[in-house]
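This report concerns only the one structure given below.
There are 2 protein chains.
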Amino acid sequence: MAPDRNRRRIPDATVSRLPVYLRILGEQADEGVESISSEGLAELAGVNAAKVRKDLSYLGSYGTRGVGYEVAYLVYQIRRELGLTHDWPVVIVGAGNLGQALAGYGGFGERGFPVAGIVDIDDAKVGTVLGGTRVRHIDELPQIVATRRVNIGVVATPGAAAQDAADRLVKAGVTSILNFAPVVLSVPRAIEVRKVDLAVELQILSYHEQRRAGGAIHAVQNGNGRSASA
Amino acid sequence: MAPDRNRRRIPDATVSRLPVYLRILGEQADEGVESISSEGLAELAGVNAAKVRKDLSYLGSYGTRGVGYEVAYLVYQIRRELGLTHDWPVVIVGAGNLGQALAGYGGFGERGFPVAGIVDIDDAKVGTVLGGTRVRHIDELPQIVATRRVNIGVVATPGAAAQDAADRLVKAGVTSILNFAPVVLSVPRAIEVRKVDLAVELQILSYHEQRRAGGAIHAVQNGNGRSASA
DNA sequence: AGGCACTCGTGCACACGTTCACAAAGCCAG
DNA sequence: CTGGCTTTGTGAACGTGTGCACGAGTGCCT
Ligand SMILES: NC(=O)c1ccc[n+]([C@@H]2O[C@H](COP(=O)([O-])OP(=O)(O)OC[C@H]3O[C@@H](n4cnc5c(N)ncnc54)[C@H](O)[C@@H]3O)[C@@H](O)[C@H]2O)c1
Ligand SMILES: NC(=O)c1ccc[n+]([C@@H]2O[C@H](COP(=O)([O-])OP(=O)(O)OC[C@H]3O[C@@H](n4cnc5c(N)ncnc54)[C@H](O)[C@@H]3O)[C@@H](O)[C@H]2O)c1
Chain L
98 MAPDRNRRRI
108 PDATVSRLPV
118 YLRILGEQAD
128 EGVESISSEG
138 LAELAGVNAA
148 KVRKDLSYLG
158 SYGTRGVGYE
168 VAYLVYQIRR
178 ELGLTHDWPV
188 VIVGAGNLGQ
198 ALAGYGGFGE
208 RGFPVAGIVD
218 IDDAKVGTVL
228 GGTRVRHIDE
238 LPQIVATRRV
248 NIGVVATPGA
258 AAQDAADRLV
268 KAGVTSILNF
278 APVVLSVPRA
288 IEVRKVDLAV
298 ELQILSYHEQ
308 RRAGGAIHAV
318 QNGNGRSASA
Chain H
98 MAPDRNRRRI
108 PDATVSRLPV
118 YLRILGEQAD
128 EGVESISSEG
138 LAELAGVNAA
148 KVRKDLSYLG
158 SYGTRGVGYE
168 VAYLVYQIRR
178 ELGLTHDWPV
188 VIVGAGNLGQ
198 ALAGYGGFGE
208 RGFPVAGIVD
218 IDDAKVGTVL
228 GGTRVRHIDE
238 LPQIVATRRV
248 NIGVVATPGA
258 AAQDAADRLV
268 KAGVTSILNF
278 APVVLSVPRA
288 IEVRKVDLAV
298 ELQILSYHEQ
308 RRAGGAIHAV
318 QNGNGRSASA
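Chains as they are written, first to last, in my numbering: chain L, 98 to 327; chain H, 98 to 327.
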């Protein structure tokens, strides 16, 4: 669209924080806040103010010195940068415990990721309705992806079936995958995969608990020194 | 226990990969594999072999040059380092869509994180049984945490209630929190918080999709050049 | 109009993480 | 016992991310 801008590459760390800023800015906008400083935003996001400024500077110079950032405009710019100016329909593979929770979760569509379809390999699941969407057979996946122009797939099958699910998604034309199965997926280089692994998160917490117990017990629970943490 | 060793601090990046190695090693052990090289493990984990060696070197020198690592022994060492030598009961706050999926998910207890209890503020939910556990009222949280010696809490309430849930968990004595609500929790410094945010993950994928579309269309789907990605 | 208070944008130094490259160490064959 | 092959463990170079510090704009008040 614009003549020249656009070949900036935004650091991964920044990309992962932009959605957080975006949500906070949206909340602020709802509360009628029109302008916010990097310090204010940093406080709400639980990060350093300099980091906020540097992150936002990758989008361009959209702040006003001495004043701060105009909330509505910043929301617009972040949304544009994240590609949230239009919806991204997603397809969910696996209609078990997790697939049902995801399908029944409204916040999905609200945030621009409507569920274009849910598929399962189990005929017993096919035909049931979850969150307003009927479960279809996995053989219909290519058709769903094609007709609904789906780019993002969600893998919510058991680990043993996750690679198969990913293969089918890729073959159907999906280019980004969100994987909930505790498995390292093997996909073509061009496909973007992100993994959400419950067990890993819990084990990281376990590590810190164990370490806490092992160290000297100067665990003086400082009950009010609060710190925001992402 | 041992006299001196133990005041090594393991880098965060390494801690977050150890659970992945652990799962893979477990699978290998089940298949009867007794020994594995850093290269083999790296392949399965989708990372660089040097990284595997450096990660494992933080645990000590448990490999044998010219041979590799003994799978069973390595499993033992990683489990010990992660504090997985005993169970860590968890308590889930919020018995909605997500809380139900978590409770109904067996892989939780299997991996050493049995569900010690689920609580909700809604009387309509209290008393129902999920995955073998009866939902109890949130006022019983302190008692559950105390009697079951729970250190880890899971927040699965709507965003608006997440801070309240976290406050109650902290007050009850929990020291680690896994937060599924799209909210930055404010907790005492001593409390470890990890966040799993669906919307953030999807928006990161969206960013890459958008970028893909914006760039020159040399998206020559190289259909076989496969790469494992965590 | 001038000065002042405020906040952005960014150069720089430092910390952390990744990858390469190679010596040291172990195994095995002859 | 020696030589050759394999694979670890780690120093060093490089890349990425973080946070400070401060110059440079901007708005407001007098
Ligand atoms: N439920 C949770 O809270 C939870 C938490 C963390 C991780 N996970 C992970 O999420 C995944 C799903 O968990 P779940 O509890 O929903 O499991 P589930 O067994 O309840 O559901 C899995 C569904 O996938 C379907 N399926 C199996 N093979 C398939 C295939 N090849 N193609 C399409 N569909 C297929 C099954 O028919 C079933 O309906 C698992 O990998 C699990 O480890 C789940
Ligand atoms: N369902 C999903 O797939 C999904 C996906 C991503 C994120 N999330 C997030 O997970 C959280 C839960 O989602 P959900 O779909 O289960 O919501 P839900 O509305 O189905 O369930 C929330 C539950 O929390 C209970 N609750 C409310 N306030 C409480 C309080 N103060 N103390 C204790 N319990 C309280 C409610 O009674 C309800 O049972 C939300 O923050 C949501 O954004 C859910």
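Cβ coordinates follow ideal geometry from the N, Cα and C atoms, glycine included.
Check: Beta carbon proximity, isoleucine 241 of chain H to chain L, threshold 8 Å; Outcome: no
Check: Phenylalanine 205 of chain L beta carbon near ligand 1 (any heavy atom closer than 7 Å); Outcome: no
Check: Close beta carbons around glycine 270 of chain H, own chain, < 6 Å, minus the five adjacent residues each side; Outcome: Val242
Check: Distance between serine 158 of chain L and leucine 181 of chain L (C-alpha atoms, nearest Å); Outcome: 20 Å
Check: Min CB distance tyrosine 159 of chain L to chain H below 8 Å; Outcome: no
Check: Phenylalanine 277 of chain L Cβ short of 7 Å to ligand 1 heavy atom set; Outcome: yes
Check: Neighbour-count burial assignment, histidine 183 of chain L, 16 or more Cβ in a 10 Å radius; Outcome: exposed
Check: Inter-stretch contact at 8 Å, needing at least 3 Cβ pairs: the stretch 297–313 of chain H / the stretch 129–149 of chain L; Outcome: no
Check: Threonine 161 of chain H - DSSP class collapsed to helix/strand/coil; Outcome: strand
Check: Closer than 8 Å at the beta carbon, the chain L residues around arginine 120 of chain H; Outcome: Pro279 and Ala296
Check: Inter-residue spacing [alpha-carbon to alpha-carbon] between glutamate 289 of chain H and serine 113 of chain H; Outcome: 14 Å
Check: Close-in-space but distant-in-sequence residues of the same chain around serine 134 of chain L (CB under 7 Å, 5 per side omitted); Outcome: Gly165
Check: Interface flag, glycine 206 of chain H vs chain L, CB-CB below 8 Å; Outcome: no
Check: Beta carbon proximity, asparagine 145 of chain H to chain L, threshold 8 Å; Outcome: no
Check: Pick from L:Arg208, L:Ile249, L:Ile189 and L:Gly209 that is closest to alanine 200 of chain L, judged by C-alpha positions; Outcome: L:Ile189
Check: Residues that leucine 189 of chain H bridges to, as DSSP identifies them; Outcome: Reading the sequence as shown, one finds isoleucine at residue 189 of chain H and not leucine. Bridge partners of isoleucine 189 of chain H: H:Ile215 and H:Val251.
Check: Short CB-CB distance (under 8 Å) between isoleucine 301 of chain L and chain H; Outcome: yes
Check: Cβ-based burial, glutamate 178 of chain H [other Cβ within 10 Å; buried from 16]; Outcome: buried
Check: Alanine 313 of chain L, DSSP secondary structure in three states; Outcome: Bear in mind that the predicted position of alanine 313 of chain L carries a pLDDT of just 44, short of 50, making it too unreliable to give a figure here.
Check: Beta strand (DSSP E) segments (min. 3 residues) lying fully within the stretch 124–174 of chain H; Outcome: 165–167
Check: Any C-beta of chain L under 8 Å from that of glycine 191 of chain H; Outcome: no
Check: Contact test: alanine 259 of chain H Cβ vs ligand 3 heavy atom, cutoff 7 Å; Outcome: Here the bound small molecules are ligand 1 and ligand 2; ligand 3 is not part of this structure.
Check: Extent of the continuous alpha helix (DSSP H) run through glutamate 207 of chain L; Outcome: 204–207
Check: Reduced DSSP category for arginine 291 of chain L - H, G, I as helix; E, B as strand; rest coil; Outcome: strand
Check: Distance, isoleucine 215 of chain L Cα to alanine 287 of chain L Cα; Outcome: 24 Å
Check: Any chain L beta carbon closer than 8 Å to leucine 181 of chain H; Outcome: yes
Check: Pair within 8 Å by beta-carbon distance, glutamate 298 of chain L and arginine 120 of chain H; Outcome: no
Check: Exposure label - aspartate 264 of chain H; buried when at least 16 CB within 10 Å; Outcome: exposed
Check: Per DSSP, the bridge partner or partners of asparagine 276 of chain L; Outcome: L:Val252 and L:Lys292
Check: Reduced DSSP category for arginine 105 of chain L - H, G, I as helix; E, B as strand; rest coil; Outcome: coil
Check: As assigned by DSSP and simplified to three states, the class of leucine 199 of chain H; Outcome: helix
Check: Counterpart residues of threonine 230 of chain H in DSSP-defined beta bridges; Outcome: H:Leu227
Check: Span separating the alpha-carbon of isoleucine 274 of chain L from that of isoleucine 249 of chain L; Outcome: 6 Å
Check: Asparagine 103 of chain H versus arginine 309 of chain L: straight-line alpha-carbon distance, rounded; Outcome: Confidence at asparagine 103 of chain H is low in this model, with a pLDDT of 47, below 50, so its placement is unreliable and the value that follows should be read with caution. When rounded, the distance between both Cα atoms is 12 Å.
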